[in-house]
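Okay, structure first, notes after.
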Amino acid sequence: MIPDGLPSDSIGLVTPQTAHFDDPLALACGKTLPAYDLVFETYGILNAERSNAVLICHALSGHHHAAGFHSLEERKPGWWDAHIGPGKSIDTDRFFVVSLNNLGGCHGSTGPISLNPDTSRQWGPEFPMVTVGDWVHSQARLAERLGIERFAAVIGGSLGGMQVLQWALAYPERIANAVVIAATPKLSAQNIAFNEVARQAIRSDPDFHAGWYYEHDTLPRRGLKLARMVGHITYLSADAMGTKFGRDLRSDDFSFGYDVEFQVESYLRYQGDTFSNSFDANTYLLMTKALDYFDPAAAHGGDLARALAPAYCPFLVVSFSTDWRFPPSRSKELVNALIQANKAVSFVNIDSPHGHDAFLMPQPRYQAVFAGFMSRVAHDLNLGGPS
Amino acid sequence: MKRADLTLIHGWVPEGAHILDLACGNGTLLAALARDKHVSGYGLEIDPDGITACLQKGVNVIEQNLDEGLANFEDDACDLVIMTQALQALRRPDLMLDEMLRVAGECIITFPNFAYWRHRAYLGFKGFMPVSKSLPHAWYDTPNIHLSTFNDFEQLCRDKGLIIVDRAVGIGDHEGHWTSRWWPNLFGEIAIFRVSRHRD
Chain A
8 MIPDGLPSDS IGLVTPQTAH FDDPLALACG KTLPAYDLVF ETYGILNAER SNAVLICHAL
68 SGHHHAAGFH SLEERKPGWW DAHIGPGKSI DTDRFFVVSL NNLGGCHGST GPISLNPDTS
128 RQWGPEFPMV TVGDWVHSQA RLAERLGIER FAAVIGGSLG GMQVLQWALA YPERIANAVV
188 IAATPKLSAQ NIAFNEVARQ AIRSDPDFHA GWYYEHDTLP RRGLKLARMV GHITYLSADA
248 MGTKFGRDLR SDDFSFGYDV EFQVESYLRY QGDTFSNSFD ANTYLLMTKA LDYFDPAAAH
308 GGDLARALAP AYCPFLVVSF STDWRFPPSR SKELVNALIQ ANKAVSFVNI DSPHGHDAFL
368 MPQPRYQAVF AGFMSRVAHD LNLGGPS
Chain B
761 MKRADLTLIH GWVPEGAHIL DLACGNGTLL AALARDKHVS GYGLEIDPDG ITACLQKGVN
821 VIEQNLDEGL ANFEDDACDL VIMTQALQAL RRPDLMLDEM LRVAGECIIT FPNFAYWRHR
881 AYLGFKGFMP VSKSLPHAWY DTPNIHLSTF NDFEQLCRDK GLIIVDRAVG IGDHEGHWTS
941 RWWPNLFGEI AIFRVSRHRD
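Protein sequences, first through last, are from chains A and B.
For reference, each letter of the first sequence is one residue, going 8 to 394 in the working numbering.
For reference, each letter of the second sequence is one residue, going 761 to 960 in the working numbering.
Quick look at the structure:
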């Protein structure tokens, strides 16, 4: 039942759960996590055959709270509420949705702000570097814990899309469908360059203290704020920014100083401030490195089609016309390699003014495509849907 | 599948073929061929509603403008390339024909025959650009920028040294009447060609 005051198409109130793992996790960097927690949410009901589970993989600054509300007071629903819920693209009347916070995160899963059992202090900068491959490995363990042998679909946008791709390669028998949205098979030099600016902003903040800021009772707010401001520019399109802010000023005239004058400055500072108080800087550093390292073709001499050989689930690849962080051409790279490797793939490029952020938003064609594909997934697995 | 050209194509496609359907529309042909002939492959389409319908049917569909070529498909990537009712809407039909026969050894092409007697009569007697079931648009908003006749296409194939494996015409929902077998350029409403780049 949806409590009063929440939208009727919402999954309603949701409660995060925590799974503790005692089996050590060997990481790509050579280190091992002796034990760890994964915090996650689920929406919908797992059917008796356990065949209707869908895994959601989050992006750079995402977390497990993808849909619904934690409380009646919560102002905004989970980050992908536009697409997860009863009757939505990922229909919780049909699917059992699992959404987790990745390792190294700062929303409850083991990460830099967690206690290191060996030292009894927070991990901080000593938290081992985790990769997309490590995340997927830990997600597979969570699936085992939940009794899910094979996901009906693994779905993600941006960095989440890379995890989907990794799933199809690492666990081809445990993923029935892959939905890769606004992603890329590897970062470009320009993508890495933006990440490096973000990292330098954080690491050069005097309050960073080589990552031990917790022990100095401070946060590298200025650095993290700058990192987020740079990142945010790459999430929006030039047109979207122009439409939203133009050259609008906060007051009538120039003040000939360096305080906030243009609306776009105000917006970026606000975004940066909010983020720098709610997100952990060490997590941000880790996540950007995980992005930079991802390149499944590298082990195959750069031949992506060869790297894709193990995959055998159908793919849906979606890009957005004004996304310049991971533009449509990067999605086409993946699609063309899938075609070359003779894999089942569909590709859609959605016309949207919203740049990279479009993957988070509702939009009629995006929803039609997403829901259309998911209804087919449901139909093929006998979960109900069009014939 | 009622359209005459689709019925005929269905019969020509070999079991288990890997095919490419250019301008696949709502995926009807590919879905039927996957069901009846166990074909694999992809449909290319740019119409949003068509693409969504393909996804709902479980047809692999790639959003791709045919005028940009097929560079993302390797030489001989498929057994067969099919293009129904799209040739006339392309910027360079002749180059597309080359592309199709680079990607596969054989292709099937259907298009409205502009020399169909009703079209001739429309133009000849009424003096207006023909409008019919196979050419439903007005001259100013038609996507059909390269209309041709049954004979024109045959000529193009000859000029390119291609082999016409089979040819037929359809009228409305039916395969050709006996008259169209004798005078396809006059009595065929839809031209259907099966062309290969080499002799089997």
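All residues carry an ideal CB built from backbone N, CA and C; glycine is no exception.
Asked: Assigned exposure category for A:A200 - 16 Cβ within 10 Å defines buried; Found: exposed
Asked: Cutoff 8 Å: A:N389 Cβ touching any chain B Cβ; Found: no
Asked: Exposure label - B:Q824; buried when at least 16 CB within 10 Å; Found: buried
Asked: Residues that A:Q347 contacts on chain B, provided the C-beta gap is smaller than 9 Å; Found: N832, F833, E834, A837
Asked: Residues within the region 371–384 of chain A neighbouring chain B, beta-carbon criterion of under 7 Å; Found: R372, A375, V376, G379, F380, S382, R383
Asked: For A:H386 and A:S394, the rounded distance between their alpha carbons; Found: Note that A:S394 scores a pLDDT of 41, beneath 50, so its modelled location is shaky and nothing firm can be said.
Asked: Residue nearest to B:D944 in terms of C-alpha spacing, selected from B:W772, B:P903, B:R927; Found: Here residue 944 of chain B is Pro; the residue named in the question, Asp, does not match the sequence. Per the Cα distances, B:R927.
Asked: Interface flag, A:N343 vs chain B, CB-CB below 8 Å; Found: yes
Asked: The region 35–45 of chain A touching the region 132–144 of chain A, judged by at least three CB pairs closer than 8 Å; Found: yes
Asked: Residue closest to A:L256, alpha-carbon to alpha-carbon, out of A:L67, A:V271, A:I346, A:G264; Found: A:V271
Asked: 8 Å Cβ shell around B:M761 - same chain, five flanking residues per side excluded; Found: Confidence is the limiting factor: at B:M761 the pLDDT is only 48, short of 50, which leaves the residue's position unreliable, though a coordinate-based value still follows. If we look at B:M761 and ignore the five residues flanking it on each side, its Cβ neighbours are T767, H770, T788, L789, A792.
Asked: A:A189 versus A:P10 - alpha carbon distance; Found: 34 Å
Asked: Whether A:I209 touches A:Y291 by CB criterion (8 Å); Found: yes
Asked: Chain A residues whose Cβ lies nearer than 7 Å to that of B:V821; Found: S353
Asked: Under 8 Å between C-beta atoms of B:D836 and B:A864; Found: yes
Asked: Contact residues within the region 50–68 of chain A, judged by C-beta distance below 8 Å to chain B; Found: none
Asked: Residue-level contact to chain A via CB, B:Y876, 8 Å cutoff; Found: no
Asked: B:M761 - DSSP class collapsed to helix/strand/coil; Found: Caution applies to B:M761, whose pLDDT of 48 falls short of 50 and renders its modelled position unreliable; the value that the coordinates give is listed next. Three-state DSSP puts B:M761 in coil, outside helix and strand.
Asked: Neighbourhood of A:V61 by C-beta distance below 8 Å, restricted to the same chain and skipping five residues each side; Found: I97, F102, F103, V104, V105, F158, A159, A160, V161, I162
Asked: Sequence-distant residues of the same chain with beta carbon closer than 6 Å to A:A288, five excluded per side; Found: I209, P227, L231
Asked: Residues that A:N356 contacts on chain B, provided the C-beta gap is smaller than 8 Å; Found: E823
Asked: A:N289, enclosing beta strand (DSSP E) - first and last residue; Found: Element bounds for A:N289: not the beta strand (DSSP E) but the alpha helix (DSSP H), 288–300.
Asked: Under 9 Å from the C-beta of B:G810: neighbouring residues of chain A; Found: Ordered by position in chain A, no residue passes the 9 Å Cβ test against B:G810, which lies about 11 Å from the chain.
Asked: Given 8 Å, three or more beta-carbon pairs between the region 840–851 of chain B and the region 898–906 of chain B; Found: yes
Asked: Reference A:P23, options A:G115, A:Y242, A:E56, closest by Cα; Found: A:G115
Asked: Whole-number beta carbon distance between B:I811 and A:V324, since they are thought to touch under 8 Å; Found: About 12 Å; that fails the 8 Å criterion.
Asked: Supposed contact pair B:M843 and B:A783 - C-beta distance, whole angstroms, cut 8 Å; Found: 6 Å
Asked: Chain A contact for B:G818 (CB, 8 Å cutoff); Found: yes
Asked: Local Cβ density within 10 Å of A:Y277, reported as buried at 16 or more and exposed below that; Found: exposed
Asked: Euclidean distance between Cα positions of A:H363 and B:V891; Found: 44 Å
Asked: Three-state secondary structure (DSSP) of A:Y221; Found: helix
Asked: Closer than 8 Å to chain A by CB, B:Y730; Found: Chain B is shown from 761 up to 960; residue 730 of chain B falls before or after that span and cannot be answered.
Asked: Pick from A:N59, A:F269, A:A351 that is closest to A:V258, judged by C-alpha positions; Found: Here residue 258 of chain A is Ser; the residue named in the question, Val, does not match the sequence. The residue with the shortest Cα to Cα distance from A:S258 is A:F269.
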